[in-house]
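**Student:** Below you will find the structure I want to go over with you.
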Amino acid sequence: MAETAGPILLEAKGVAKRFGALQVLSGVNFTMSQGEAVGIVGPNGAGKTTFLSVLSGAHAASEGRIAFFGKDITAIPAMQRCHMGLVRTHQVPRPFSGMTVFENVHVAAVHNGGRGREAAYQATLEALDLCGMLAIANRQADTIGLLDRKRLELARALAADPKLLLLDEIGGGLTESEAEELVQTISKLTARGISVIWIEHIVHVLLKIARRLICMDAGRIIADGDPQAVMSHPEVVKAYLGGSPE
Numbered sequence: 002m003a004e005t006a007g008p009i010l011l012e013a014k015g016v017a018k019r020f021g022a023l024q025v026l027s028g029v030n031f032t033m034s035q036g037e038a039v040g041i042v043g044p045n046g047a048g049k050t051t052f053l054s055v056l057s058g059a060h061a062a063s064e065g066r067i068a069f070f071g072k073d074i075t076a077i078p079a080m081q082r083c084h085m086g087l088v089r090t091h092q093v094p095r096p097f098s099g100m101t102v103f104e105n106v107h108v109a110a111v112h113n114g115g116r117g118r119e120a121a122y123q124a125t126l127e128a129l130d131l132c133g134m135l136a137i138a139n140r141q142a143d144t145i146g147l148l149d150r151k152r153l154e155l156a157r158a159l160a161a162d163p164k165l166l167l168l169d170e171i172g173g174g175l176t177e178s179e180a181e182e183l184v185q186t187i188s189k190l191t192a193r194g195i196s197v198i199w200i201e202h203i204v205h206v207l208l209k210i211a212r213r214l215i216c217m218d219a220g221r222i223i224a225d226g227d228p229q230a231v232m233s234h235p236e237v238v239k240a241y242l243g244g245s246p247e
């Protein structure tokens, strides 16, 4: 496991998740510090999204303990974790239909961020500005393209005032130039001190943000550390790249 520097932000110890007889996560141990940007890679079915879901509270851990800023959040519901600053995005953006881009973000600022009316309004404008969406703030959210839906998903997360942002394949389905625009936006967030855990299959895009990489396979972490060292790790080559190291 990679060493972390600075105050501990998130700690998972012995985290497991079962759905009936199906074991999806098996004794996952993970620690990250404030300000880190961590990437997660791994083959389909490795447990990556389930891990984020357990961290965010969307799924309850079957075993283990999760701490955020030193507080045990294992049994705390997802909305309360969100109010604490542990916020996630989803692989498939699903904006509220019949509402504008602004209204979608404003709902997140009020309900997920727990803000009053004036503070929520300002947070909405700031999130839209950071994500380059002010120009289309009055567009109906269900009429915008995929890149803008991804930006909207990110803006809604930002409106909740995240301390740790969990990104689940937010670059999926985008062109190279669109993915680069998204990277530039996420870079602005990390520059503001927001910590990030980002699952992504487009590894070269992920590594423009992540300074630390973990690889998961079969519900466990098989490598954790410097991105280049992780990608050349024999188990990673075998499990993720489908080959054997030279």
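Position one of the sequence shown corresponds to residue 2 (the numbering used here), numbered consecutively onward. The beta-carbon is built from N, C-alpha and C at its ideal position, and this holds for glycine as well.
(1) Can you tell me whether Leu11 is buried or exposed, with buried defined as 16 or more other CB within 10 angstroms of its CB?
(2) So what's Lys18 in DSSP terms, helix, strand or just coil?
(3) Helix, strand or coil for Val108 per DSSP?
(4) For Lys151, which of helix, strand or coil comes out of DSSP?
(5) Would Glu154 and His91 be called neighbours here (beta carbons separated by less than 9 Å)?
(6) If we ignore side chains and look at the alpha-carbon of each, how far apart do Ile195 and Glu170 end up?
(7) Taking the alpha-carbon positions, what's the Ala47 to Met217 distance?
(8) In terms of alpha-carbon separation, which member of Leu175, Asp73 and Lys72 lies closest to Val93?
(9) Give me, in chain order, the residues of the same chain whose beta-carbon lies closer than 6 Å to that of Arg150; leave out the 5 immediate sequence neighbours on both sides.
(10) Which partner residues of Glu40 appear in the DSSP bridge assignment?
(11) Roughly how many angstroms separate the alpha carbons of Met2 and Glu181, rounded to a whole number?
(12) To which residues of the same chain is Val111 closer than 7 Å at the C-beta, ignoring the five residues directly before and after it?
(13) Note down the Cα distance separating Ile265 from Pro44, rounded to an integer number of angstroms.
(14) According to DSSP, simplified to helix, strand and coil, what is Glu247?
(15) With a threshold of 16 other CB atoms inside 10 Å of the CB of His205, please say whether the residue is buried or exposed.
(16) Looking only at its own chain, which residues have a Cβ that is under 7 Å from the Cβ of Ile77, when we skip the five neighbours before and after it?
(17) With a threshold of 16 other CB atoms inside 10 Å of the CB of Met33, please say whether the residue is buried or exposed.
**Tutor:** Answer, in terms of the structure:
(1) When all chains shown are included, Leu11 counts as buried.
(2) In the three-state scheme derived from DSSP, where H, G and I count as helix and E and B as strand, Lys18 is classed as strand.
(3) It is helical.
(4) When secondary structure is reduced to three states using DSSP, Lys151 falls in the helix class.
(5) The answer is yes: Cβ separation under 9 Å.
(6) The alpha-carbon atoms of Ile195 and Glu170 are separated by roughly 18 Å.
(7) Taking the straight line joining both Cα atoms gives about 6 Å.
(8) Of all alpha-carbon atoms in Leu175, Asp73 and Lys72, the one lying nearest the alpha-carbon of Val93 is that of Leu175.
(9) Residues of the same chain with a CB within less than 6 Å of the CB of Arg150, apart from the 5 flanking positions on each side, are Pro94 in chain order.
(10) Here the sequence assigns Gly to residue 40, which means Glu is not the residue at that position. DSSP lists Trp199 and Leu214 as partners of Gly40.
(11) Any reading at Met2 needs caution, since the residue's pLDDT is 49, under 50, leaving its predicted position unreliable; the model's value is listed next. Met2 and Glu181 have their C-alpha atoms roughly 30 Å apart.
(12) Only Ala121 meet the Cβ criterion.
(13) There is simply no residue 265 to check, as the chain begins at 2 and stops at 247 in what is shown.
(14) Interpretation of Glu247 is limited by its pLDDT of 43, a score under 50 that renders its predicted location unreliable; the figure taken from the coordinates is listed afterwards. In this structure, Glu247 counts as coil in the three-state DSSP scheme.
(15) A residue is called buried once 16 or more other Cβ atoms fall within 10 Å of its Cβ, and His205, having fewer, is exposed.
(16) Within the same chain, Ile77 has close Cβ partners Gly58.
(17) Buried, by the Cβ-count rule.
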